[in-house]
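In the numbering used here, the protein residues as written are 11 to 507.
What follows is the structure in structure tokens.
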């Protein structure tokens, strides 16, 4: 981990009911941190979380993009119009290839700075919820990582590693504490000041934050479904806050600080647009040209009465033209790119956790006995409907699809899990590639995603994790070295199948 965690703020200054049109500059020098307010700290931290989640690194670059997961999960392929990306196509993944560690820890530092800058329990609770959100991503990328020593700054420059399973235990406790803090503040005689418009996700509605926290808690619990020793305790933990409810299609975890169709300050467009869309003058963003539809995704999302593929991808002469990951010969017609169902506008909301993902989490929760009320089939149907709606498709189209692809109510538990996770994969298309990768490693579904056919790739199986980044070996070599040799094909996250 970097020896100094700087605080990054890239946000809009909020005033009244509108947003000013200037982003604050990023603080890149850890020895000259920005002096800010809790309001600006909250806005900036949430904005950066959206950047990371939607495949764009802080500052608009793609170095920390999750686009490799979009390729490995069958959504995208490296463009046939470019020289092969050998690291991606041949799985030559090293410590220098991908670094999700640095932006995630910096974002944790953003939220920790917010928490320590105020006594307002609402701000502090949001900070703790999002610290848990980031640490889940850190573990899901790397397994063991610094947690108990991670935020001690210059007092401890070489933080020790905690086991991934122990970090999961700790963030579950952190989310529970945040839930209790919000509930206590809401019931106090004089409730604290609302975060208001500084909260670019729920505008200070703490009841919605309770539901978001509870949904994150459910995700943390279900992600450990393969760890049988924890199942009983996790079911009890989920049941304890079940009455709070969860987010859904009506209150998704979306953020918008006031995105603009502007290239200033590294780009002020919504992050998915900044990754796969166009510049303010209509030119292609880097990943728009470098990536195209994967034939697996294009096929699956247009099969069995599904029409989502025509929204997820652009079409050529009424049909999708795509290539499989690794094919080096260009197709006969122009390849498909990311479509208008995902790229609605440069100013569109950025998704941190979608309503469809939350509904499929709940469907699995009911199916597996973590949630003790409701219908898995009803939640499954709602997840499909939310996925269609998110892409701008109609309820009639969703109904037609569900008629051909109903929830297997009478099927085995394995068939029901396969149906839920496969539908979640479809709903997470491209923007949620990292979550799709996590669920694939946990469950094995979808179970037919192709491996690279690039000459000489010969992978034994799909990638199981990425290595720790070079910066960690340079600055915390003893502790990271104790983790041993990391294999991208055999080293697994503690919850993986």
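Cβ coordinates follow ideal geometry from the N, Cα and C atoms, glycine included.
Restricting attention to alpha helix (DSSP H) runs no shorter than 4 residues, the segment 114–188 encloses them at 131–152, ordered along the chain.
In chain order, 132, 204, 205, 206, 207, 208 place their CB closer than 8 Å to the CB of residue 214, counting only its own chain and leaving out the 5 sequence neighbours on each side. When the five nearest sequence neighbours on each side are left out, the beta carbons in the same chain lying within less than 6 Å of the beta carbon of residue 111 are those of 479, in order along the chain. The beta carbon of residue 173 lies closer than 6 Å to those of 154 in the same chain, with the five residues before and after it left out. Across the structure, residue 322 and residue 300 are spaced so that their CA atoms are roughly 17 Å apart. For residue 219, the enclosing alpha helix (DSSP H) covers residues 216–232.
Taking the Cβ atoms as the reference, residue 448 lies roughly 5 Å from residue 150, within the contact range of under 8 Å. Remark: C-beta atoms of residue 334 and residue 308 do not approach each other more closely than 7 Å. Residue 202 and residue 124 do not touch by the CB rule: their CB atoms are close to 14 Å apart, not below 8 Å. Among the bridge pairs identified by DSSP, residue 335 is matched with none. Taking the Cα positions, residue 288 is about 29 Å away from residue 395. Counting other Cβ atoms within 10 Å of its Cβ, residue 76 reaches 16 or more and is therefore classed as buried. Counted as a single uninterrupted DSSP element, the stretch harbouring residue 105 is not any alpha helix (DSSP H), since DSSP gives it neither H nor E.
Residues 321, 350, 351, 354 of the same chain have their beta carbon placed closer than 8 Å to that of residue 402, with the five preceding and five following residues left out of the count. If you keep only unbroken beta strand (DSSP E) runs of at least 3 residues inside the segment 291–332, you get 301–303. Counting of Cβ neighbours within 10 angstroms places residue 138 among the buried residues, the total reaching 16 or more. Counting along the chain, the unbroken beta strand (DSSP E) around residue 264 starts and ends at 263–265. Closest in alpha carbon position to residue 134, among 145, 146, 120, is 120. For residue 288, the three-state secondary structure derived from DSSP is strand.
Boundaries for residue 360: no alpha helix (DSSP H) harbours it, while the beta strand (DSSP E) harbouring it runs 360–363, taken from the DSSP string. For residue 242, the uninterrupted alpha helix (DSSP H) run begins and ends at 241–250, by DSSP. For the alpha helix (DSSP H) assignment, the uninterrupted runs of no fewer than 4 residues enclosed by the segment 412–465 are, from N- to C-terminal side, 423–437, 443–453.
In the assembly as shown, residue 425 is an exposed residue. Its beta-carbon has fewer than 16 other beta-carbons within 10 Å. Rounded to the nearest whole angstrom, the C-alpha separation of residue 484 and residue 490 is 10 Å. Per DSSP, residue 480 is one residue of the alpha helix (DSSP H) stretching across 480–485. Beta bridge pairing from DSSP links residue 238 with no other residue. Remark: fewer than three beta-carbon pairs, one from each stretch, lie closer than 8 Å, so the segment 267–280 and the segment 372–380 are not flagged as touching. For residue 99, the enclosing alpha helix (DSSP H) stretches over residues 96–99. Annotated three-state conformation of residue 389 is helix, per DSSP. Cβ neighbours of residue 312 within its own chain (closer than 6 Å, five residues either side excluded): 319.
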